[in-house]
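Taking the numbering used here, I'd label the letters of the first sequence as residues 3 to 232.
Read the structure below first, then the notes.
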Amino acid sequence: MTTVSVPAGWPATEEEARAVQDELRARVLLEPGPPVGAGHVTGVDVAYDDERDVVAAAAVVLDAASLEVVAEATAVGRISFPYVPGLLAFREIPTVLAALDALPYEPGLVVCDGYGLAHPRRFGLASHLGVLTGLPTIGVAKNPFVFTHADPDAPRGSASPLLAGDEEVGRALRTRADVKPVFVSVGHRVTLDDACAHTLALTPRFRLPETTRRADSLCRRALQEATIRH
DNA sequence: GCGACAG
DNA sequence: ATCTTGTCGC
C-alpha cells in the first residue's frame with residue numbers, strides 16, 4: 003500500500019477549488035468510450051477517519067466480461083479537503099490517483115462512486131478524475147444530489163432523465179427490478195448511453211456496480227489496517 | 001438570508 | 001462518509 007501526502011499547490015479554499023473546476027472543465031471529452039464487456043473495468047472508492055485525519059483509497063480492476071477481480075491496489079494519506087457538496091473531488095482525488103498508479107495493469111474504464119457531469123458546475127469527481135488521468139470515467143451515485151427525476155419503470159434497465167431544470171445531466175437507472183435506481187452520469191471519454199450500458203453490465207445481481215462494491219469493501223479494510231495502530 | 005446538497 | 005446487532009431472505 004502506498005502513502006500519499008497532500009499535493010503541493012492543492013486548493014486550500016472553496017474559491018480556489020471552484021476556479022480549478024472551471025479551468026479543467028474545458029478539457030472533458032465527449033466521445034465513444036471502450037466497448038461494454040471488453041477489457042478491464044476499475045472501481046475506485048475512498049473511506050475516511052476524520053478523527054485521525056486519515057483517508058484510504060482502493061482501486062479494483064475487474065475483467066469486464068467475467069467481473070472477476072484481476073488486480074487490486076490501495077493507498078492511504080491525509081485528508082486533503084473538507085467535505086463540501088460540489089467539491090468532493092478535492093477530498094478524494096489525491097489518494098485515488100495513488101491507488102490507480104499502484105495498479106499493475108491499465109485500468110480501462112474507471113467507475114467512480116459519485117457524479118461526473120451531473121454536478122452544480124458540471125464537473126464532478128468522475129469528470130475531474132478523467133481529465134487528470136486521461137482515462138475514460140463514469141460516475142454512479144447512490145443519491146440524486148441536487149437533481150430531479152421521474153421514477154423509472156419497475157423492470158431492471160428502465161431509466162429516466164436526471165434533470166437540472168430541463169437539461170439532462172445524467173440518468174436514474176434501475177439496476178434491479180423494484181429497487182431504488184442508481185444515478186449515472188458521464189465522466190470523461192464516454193457517452194451517457196454507454197455509461198448506462200456499462201452500469202447494467204456491472205450489476206448482474208446487486209443494485210450497485212461490482213466495481214464500487216469491491217472498491218468500497220477494500221478501502222474500508224485498508225482504512226482499518228492503517229488506523230488500527232496509533 | 002437560509003437550507004439542501006455526491007461521499 | 002460515519003455511528004452500528006441481529007435478522008429477514010435468496
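Positions of the beta carbon are idealized from the N, C-alpha and C atoms, including for glycine.
Cβ pair residue i, residue j closer than 7 Å
i: THR193; j: LEU204; result: no
i: ALA156; j: VAL98; result: no
i: HIS190; j: VAL30; result: yes
i: PRO96; j: VAL6; result: yes
i: ALA66; j: GLY35; result: no
i: LEU164; j: PHE149; result: yes
i: GLY39; j: ALA217; result: no
i: ASP47; j: CYS221; result: yes
i: SER187; j: ALA100; result: no
i: PHE125; j: ARG207; result: no
i: LEU225; j: ALA49; result: yes
i: PRO183; j: PRO154; result: yes
Local conformation of residue i per DSSP, three classes
i: ASP153; result: coil
i: GLY126; result: coil
i: ARG158; result: coil
i: VAL133; result: helix
i: ASP47; result: strand
i: SER68; result: coil
i: THR229; result: helix
i: LEU194; result: helix
i: ALA142; result: Looking at the sequence itself, residue 142 is Val, so the reference to Ala does not match. Here VAL142 sits in strand by DSSP.
i: ARG173; result: strand
i: ARG209; result: coil
i: THR5; result: strand
i: SER82; result: coil
i: THR76; result: strand
i: HIS200; result: helix
i: VAL188; result: strand
i: VAL62; result: strand
i: VAL57; result: strand
i: ALA166; result: strand
Residue i: CB within 6 Å of a non-hydrogen atom of the ligand COA
i: PRO34; result: Only the bare structure without any ligand can be found here, which leaves the ligand COA out of the picture.
Own chain partners of residue i with C-beta closer than 6 Å, once the 5 adjacent residues on each side are dropped
i: ALA143; result: GLY116, TYR117, PHE185
i: GLY132; result: THR139, GLY189, HIS190
i: PRO69; result: According to the sequence displayed, residue 69 carries Leu and not Pro. Cβ within range, chain order: GLU212.
i: GLU33; result: ARG191
i: ALA197; result: ILE140, VAL186, VAL188
i: PRO146; result: PHE185
i: THR4; result: ALA77, ALA100, ALA104
Same chain, Cβ closer than 7 Å to residue i, neighbours up to 5 away in sequence not counted
i: LEU105; result: ALA61, VAL63, ALA73, ALA75
i: ALA228; result: VAL56, ALA58, VAL78
i: LEU202; result: GLY159, THR177
i: ASP51; result: LEU225, THR229
i: VAL8; result: ARG80, SER82, PRO96
Beta-carbon contacts of residue i that lie in its chain and below 8 Å, excluding the five residues immediately before and after
i: GLU16; result: VAL86, LEU89
Whether or not the region 148-162 and the region 173-180 are in contact is what I'm after, with contact meaning three or more pairs of Cβ atoms, one per stretch, closer than 8 Å; do they touch?
A contact exists between the region 173-180 and the region 148-162.
Should the region 112-124 be called in touch with the region 71-86, which here means at least 3 C-beta pairs below 8 Å?
Taking 8 Å as the limit for Cβ pairs, the verdict is that the region 71-86 does not touch the region 112-124.
What are the start and end residues of each continuous alpha helix (DSSP H) run of 4 or more residues lying completely inside the region 87-115, in chain order?
If we require 4 residues or more, the alpha helix (DSSP H) runs fully inside the region 87-115 come out as 91-103.
Within the chosen definition, does the region 79-92 reach the region 49-57 through at least 3 CB pairs nearer than 8 Å?
Touching, per the Cβ criterion.
Three or more C-beta pairs under 8 Å: does that hold for the region 89-96 against the region 9-27?
They touch, by the three-pair rule.
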